[in-house]
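Q:
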């Protein structure tokens, strides 16, 4: 199985772990990731309003490139996933945006939303299968109580993202089970960590992140996993009232699959 | 050539404001056959009808066109008026220039032009109309009520009291419906069981009533006055004639772990069970999915205990066929399970319940004997939050678009009853609007606020979550302009009501139309609220829309009156717009009989005499009492022998021509 | 004949709608009582059931200058006469295929299911159909060859 | 622009319809940045509906929205208040010299671990 892979800018720098382990795990699972050539930043946040055209163009370009390769487009970062998937939905449902974006980009072939955007976890569920994944686990996280942190971007808006039930998701919990851990369900797993507000109002980001961690801790979590570099930053840097370790889900995955090399200890521990 | 009169109605300003009625009348005058044309303010009024009658006599009219509202509205009115003036009623045609013209167009010129075309089409049709005489058919003097809740019980009782036979079909093992599950009823707080159970006994004891419990309607054929219905009796595995209802079998059943539906799953019942103490008929039923004997032939304990030898594991499903003159739909409602609204944590937190579940938790005959205990740990909740409008009044695909109507009142009831039992309970109600339009309703709600000190918070809840053993409710208080979080012990969701899912297939069987929410539609929203557009099918209770008990009971009575009015007739006038065979060109190919959904077409050997031929051959004959006039045969006939009276090929072609020209 | 196109006059199509009495005609009434507007180019003929619509009526309409014909019936399974709309659906499938073969564009004919409760759908369907036919322009394939009075 | 024009412009930018609101307040009941906002999500809806945009443009509230889409997801009437907040913010920062965020401010805000994503997002949200 081959996917067009879109890492996104943060995975090249601050969130190298998210990327490295995603690639290594994919290899172990027999999934081929072909990085898209000359990809551009997705823009970081989806512009919610309908008259923002330019800010969505780079995403359309990425989507069109995946279409050329004929593969589904795989993302790992929640934010990139949200922006790309929603932009793709807009191309399909918003004729005005489709018209303007295509006219502006002047691609070889008009892009009409042909690419399917898939998140890495969806790939694990649908292409690999959690049962199959379980069979390939060599270092199960036995007895570990792991809290999945979805944040807002993977799930919302539910009708576009169609990732899971936006209020009561279970996909990351299923992943944790497949890796041998014990999922911890806590109410703030789908509430915002504060996101980019850390630059505008640090105290608000601290408040939100602490709230998330407190909720996970109250339900007995040993660690938290996330798919988003910004959530990671907020939970670690702003959620200072709690010392729950936070990992990228790919790191756990690589560890469980035995492809995490010696010396790459869980440095958040 | 007909002598046609054209009457253009203003409908006050409804038509006249957008259609130049004078111009329409003027244009009609120039049409072939039109000898008289006029306009009037309200054609349907007494004086409007007089104008029509006088003109028929004065001008010797043989055909009439009324340009007015939809024929579904007043066709019958005008036909009756014409008949009283000596004209055959089927010589009247309506041009719909209100619903299909003046109300949908804004520009006077455009609307007038269209109205003239519609008038011309109707005139062209009337040119070809022929006087029709309606036949008659027998009325079967028996009614069927589908659903045995309070609506069905009341309708059946009223029909039975008038002296007609009536059958109730109830899919549950007992009648009583949702009302039997309720504790007290608003706004008088009388006990639901105390007012319902005597009615259940009355209806069961009535000599004119037959109850088919644990049964479903599986097929409906026929038409008003003469329906043939198949009822499937599901096996109870109990011989009804032998069983004494002692209940000994239910006590000894080893499979005691089945969730009890009547108590919303809060306690358990056996595989053989009587739904509740006052069930009617008071007979046990065996849950075939749980019974060891039925599943693998091992056990048979209940059969050994039963002194009356009433247990019959071999019982099979039975189909009963019965004929009815009228059918009443009383299929009721369900409260939705708010699993789609996980922001309220219904799935994840056991102490978040729906209001019907709360009703059972409060009920003296319920799983906790009336002691309020929260489901998670059996503790008495000290702080309770009620959330209104869960799943109602929405616009997204999750919610129902309508107001469920009863929630405001039952929540006030729950709050007061809880405070009555446990005065130290803190009660908060999140509401969007309080809707109390009913007699003594607002006073009731005010009592909850003023006397009982229930805290009503205008705002909606954004998230419910569990934290440190409490149910945290985060919502907005719009009056104080604050976001608040209440640490509650229990949360009660007033989730939306929806029509019972069985209604959908029933609607198809009855060819009774439903709205987009699967509520049955009424023949007229204001003037015929208890009749379905399908003749002979009547509506009672929640199957037509959300309503409370008093409204349900009054609608049930109204439906009964309509049924009685129908059954009181010995004969019904048929629709004369039925198929007719031109036997001189019929070749007896049988194609029409194949497509006829009613079996109205038979074949006879008949001598055919035309100028060219004189022979005996097989030709089609239409049974006018059975034909419903759909017209399927007319199109299928290869020799165009079949035609539909009132909608003949030539008439429709004339309309097409008039529109296209 | 081809000069006609150069006229600046706005093209107003002539559209015939056959509506069954029980669902679609009632839906049209509901569109009216809800004051949902749609263009006046469509004129409705009431028939008891969509299965009453003889293909000849449609041919006749095109022959007499209609630019589009739409047939509206109850949703499948909801027919007042139980099965009428199924007959209509099959007959129209055949007829539309034939019309297409004759060069009358597929878009000029349509079958739609509109229930008595779907006033909004009725108005939207009509607007959309009128829009489609308007874009196609005048129907010239079938014409009345008789001498005009 | 007068109030009506302002309202129409916000509706155009946002692509959402505030008159669908039934004033239930669920958006404000769900908003994680509620305490930090002077005008709360439900007020955005009602004020936009009235054309009362000026106070919103002047308020810090437009920079407090986390774009977490909680109100968008949970709004029972599909009003999606988050889009209105975004539209008001855009109306402001699209004006010349109205950038809320300057590249010069950045160095003192950024620490070693801050992901690029945050910087990109913040510029998207706060500047043009």
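Chains as they are written, first to last, in the numbering used here: chain A, 1 to 269; chain B, 1001 to 1661; chain C, 2001 to 2149; chain D, 3001 to 3128.
Yeah, the Cβ is synthetic: ideal placement off N, Cα and C, and Gly gets one too.
Values in this document were obtained by computation on a predicted structure and should not be read as measured data.
1) Where does residue 1455 (chain B) fall in DSSP's three states?
2) Going along chain B, which residues have a C-beta under 7 Å from residue 168 (chain A)?
3) Quick check: the region 1469-1477 of chain B against the region 1325-1343 of chain B, are at least 3 beta-carbon pairs closer than 8 Å?
4) If you follow the beta strand (DSSP E) that residue 1423 (chain B) is part of, which residue opens it and which one closes it?
5) Starting from residue 3076 (chain D), follow the beta strand (DSSP E) in both directions and report where the run begins and ends.
6) Measuring only the C-alpha atoms, how far is residue 1384 (chain B) from residue 3032 (chain D)?
7) With 16 other CB atoms within 10 Å as the buried threshold, where does residue 1650 (chain B) fall?
8) Give me whichever residues DSSP pairs with residue 5 (chain A) in a beta bridge.
9) On the three-state DSSP scale, how would you describe residue 3089 (chain D)?
10) Using only the alpha-carbon positions, how far apart do residue 1174 (chain B) and residue 1562 (chain B) sit?
11) Leaving out five residues before and five after residue 1089 (chain B) in sequence, what residues of the same chain have Cβ atoms less than 6 Å from its Cβ?
12) Can you check the region 1469-1528 of chain B for any alpha helix (DSSP H) of at least 4 residues that lies completely inside it and give the ranges in chain order?
13) For residue 126 (chain A) and residue 33 (chain A), what's the separation of their Cα atoms in angstroms?
14) Nearest chain B C-beta to residue 3015 (chain D) closer than 8 Å, yes or no?
15) Is any beta-carbon of chain F found at less than 8 Å from that of residue 2033 (chain C)?
16) Between which two residues does the alpha helix (DSSP H) harbouring residue 1643 (chain B) extend?
17) Between which two residues does the alpha helix (DSSP H) holding residue 1449 (chain B) run?
18) Using a Cβ-Cβ cut-off of 8 Å (strictly less than) and excluding sequence neighbours within five positions of residue 1312 (chain B), which residues of its own chain qualify?
19) Grouping DSSP H, G and I as helix and E and B as strand, with all else coil, what is residue 2109 (chain C)?
20) DSSP state of residue 2010 (chain C), grouped into three classes?
21) Which residues share a DSSP beta bridge with residue 1038 (chain B)?
22) Taking only beta carbons into account, state which residues of the region 183-215 of chain A come closer than 7 Å to chain D, listed in chain order.
23) Rounded to whole angstroms, how far is the Cβ of residue 2136 (chain C) from the Cβ of residue 2112 (chain C), which I believe are closer than 8 Å?
24) For residue 268 (chain A), which residues in the same chain have their Cβ closer than 8 Å to its Cβ, ignoring the five residues on either side in sequence?
25) Under 8 Å Cβ-Cβ, which residues of chain A neighbour residue 1467 (chain B)?
26) Could you check the C-alpha separation between residue 3095 (chain D) and residue 3121 (chain D) for me, to the nearest Å?
27) Please go through the region 1116-1198 of chain B and give each complete beta strand (DSSP E) segment of 3 or more residues, from N-terminal end onward.
28) Going residue by residue through the region 140-187 of chain A, where are the continuous alpha helix (DSSP H) segments of at least 4 residues, counting only ones entirely within it?
29) Which complete alpha helix (DSSP H) runs does the region 2038-2098 of chain C hold, if anything under 4 residues is left out?
30) Along the region 3078-3098 of chain D, where does the CB come closer than 9 Å to a CB of chain B? Name the residues.
31) Based on Cα-Cα distance, which residue from B:1131, B:1293, B:1128 and B:1097 lies nearest to residue 1115 (chain B)?
32) Using a beta-carbon distance cut-off of less than 7 Å, what residues from the region 2089-2100 of chain C approach chain B?
33) Could one say the Cβ of residue 3067 (chain D) lies closer than 8 Å to chain B's Cβ atoms, at least one of them?
34) Identify the residues that DSSP records as bridge partners of residue 223 (chain A): which are they?
35) Under 9 Å Cβ-Cβ, which residues of chain B neighbour residue 126 (chain A)?
36) In chain B, which residues lie less than 8 Å from residue 131 (chain A) when you measure between Cβ atoms?
A: The short version:
1) In the second chain, the residue the question calls residue 1455 (chain B) occupies position 455. In this structure, residue 1455 (chain B) counts as strand in the three-state DSSP scheme.
2) Along the first chain, read from residue 1 onward, the residue named residue 168 (chain A) stands at position 168. Simply 1342, 1347 and 1348.
3) no
4) By one-based count along the second chain, residue 1423 (chain B) stands at place 423. Here residue 1423 (chain B) belongs to no beta strand (DSSP E), and DSSP marks it neither H nor E.
5) As a working mapping, residue 3076 (chain D) is identified with position 76 in the fourth chain. Unbroken run through residue 3076 (chain D): none, as it is neither H nor E.
6) The residue given as residue 1384 (chain B) occupies position 384 in the second chain. The residue given as residue 3032 (chain D) occupies position 32 in the fourth chain. One alpha carbon belongs to residue 1384 (chain B), the other to residue 3032 (chain D), and they sit about 24 Å apart.
7) In the second chain, the residue the question calls residue 1650 (chain B) occupies position 650. By the neighbour-count criterion, in which 16 or more other beta carbons inside 10 Å mark a residue as buried, residue 1650 (chain B) falls on the exposed side.
8) In the first chain, counting from the first residue as 1, residue 5 (chain A) sits at position 5. According to DSSP, which records beta bridges pairwise, residue 5 (chain A) is partnered with A:35 and A:74.
9) Taking the first residue of the fourth chain as position 1, residue 3089 (chain D) is located at position 89. Note: residue 3089 (chain D) maps to helix in three-state DSSP.
10) As a working note, residue 1174 (chain B) is residue 174 in the second chain. As a working note, residue 1562 (chain B) is residue 562 in the second chain. Their backbone Cα atoms lie some 26 Å apart in a straight line.
11) To locate residue 1089 (chain B), count along the second chain from 1; it is residue 89. If we look at residue 1089 (chain B) and ignore the five residues flanking it on each side, its Cβ neighbours are 1079, 1082 and 1083.
12) Along the region 1469-1528 of chain B, the alpha helix (DSSP H) occurs as fully enclosed runs of 4 or more residues at 1502-1510, listed in sequence order.
13) Start at 1 with the first residue of the first chain, and residue 126 (chain A) comes out as number 126. Start at 1 with the first residue of the first chain, and residue 33 (chain A) comes out as number 33. When rounded, the distance between both Cα atoms is 16 Å.
14) Your numbering for residue 3015 (chain D) matches position 15 in the fourth chain. No, because no Cβ of chain B sits closer than 8 Å to the Cβ of residue 3015 (chain D).
15) Note that chain F does not occur in the displayed structure, where the protein chains are A, B, C and D.
16) Sequence index remark: in the second chain, residue 1643 (chain B) carries index 643 (1-based). Careful: residue 1643 (chain B) lies outside any alpha helix (DSSP H), inside the beta strand (DSSP E) at 1642-1644.
17) Counting from one through the second chain, the residue named residue 1449 (chain B) turns up at place 449. Unbroken alpha helix (DSSP H) run through residue 1449 (chain B): 1441-1450.
18) Position 312 of the second chain, counting from 1, holds the residue named residue 1312 (chain B). The residues are 1237, 1238 and 1239.
19) Position 109 of the third chain, counted from the first residue, corresponds to residue 2109 (chain C). Residue 2109 (chain C) falls in the strand class under three-state DSSP.
20) Indexing the third chain from 1 puts residue 2010 (chain C) at position 10. Here residue 2010 (chain C) sits in coil by DSSP.
21) Position 38 of the second chain, counted from the first residue, corresponds to residue 1038 (chain B). DSSP output for residue 1038 (chain B) lists B:1007 as bridge partner(s).
22) 191, 192, 194, 195, 196, 197, 198, 199, 200, 201, 204 and 208
23) Within the third chain, numbered from 1, the residue matching residue 2136 (chain C) stands at position 136. Within the third chain, numbered from 1, the residue matching residue 2112 (chain C) stands at position 112. 17 Å between Cβ atoms; not a contact.
24) Position 268 of the first chain, counting from 1, holds the residue named residue 268 (chain A). Note on residue 268 (chain A): pLDDT 40, under 50, position unreliable in the model; no value is reported.
25) As a working mapping, residue 1467 (chain B) is identified with position 467 in the second chain. The contacting residues are 187, 215 and 218.
26) Here residue 3095 (chain D) refers to the residue found at position 95 when the fourth chain is read from its first residue. Here residue 3121 (chain D) refers to the residue found at position 121 when the fourth chain is read from its first residue. Near 19 Å, if we compare the C-alpha coordinates of residue 3121 (chain D) and residue 3095 (chain D).
27) Here the runs fully enclosed are 1136-1138, 1142-1146 and 1165-1169.
28) 158-161 and 171-178
29) 2055-2063
30) 3078 and 3079
31) The count along the second chain starts at 1 and reaches residue 1115 (chain B) at position 115. Here the closest residue by C-alpha is B:1097.
32) Against chain B - using a Cβ distance shorter than 7 Å - the residues of the region 2089-2100 of chain C are 2091.
33) Looking up residue 3067 (chain D) in the fourth chain gives position 67. Chain B contact via Cβ: absent.
34) As a position in the first chain, residue 223 (chain A) is number 223, starting the count at 1. The partner list for residue 223 (chain A) (beta bridge, DSSP) reads A:146.
35) Within the first chain, the letter at position 126 stands for residue 126 (chain A). Neighbours of residue 126 (chain A) on chain B: none; closest Cβ ~22 Å, over 9 Å.
36) To locate residue 131 (chain A), count along the first chain from 1; it is residue 131. Those do not exist, as residue 131 (chain A) stays about 24 Å from chain B at its closest Cβ, beyond 8 Å.
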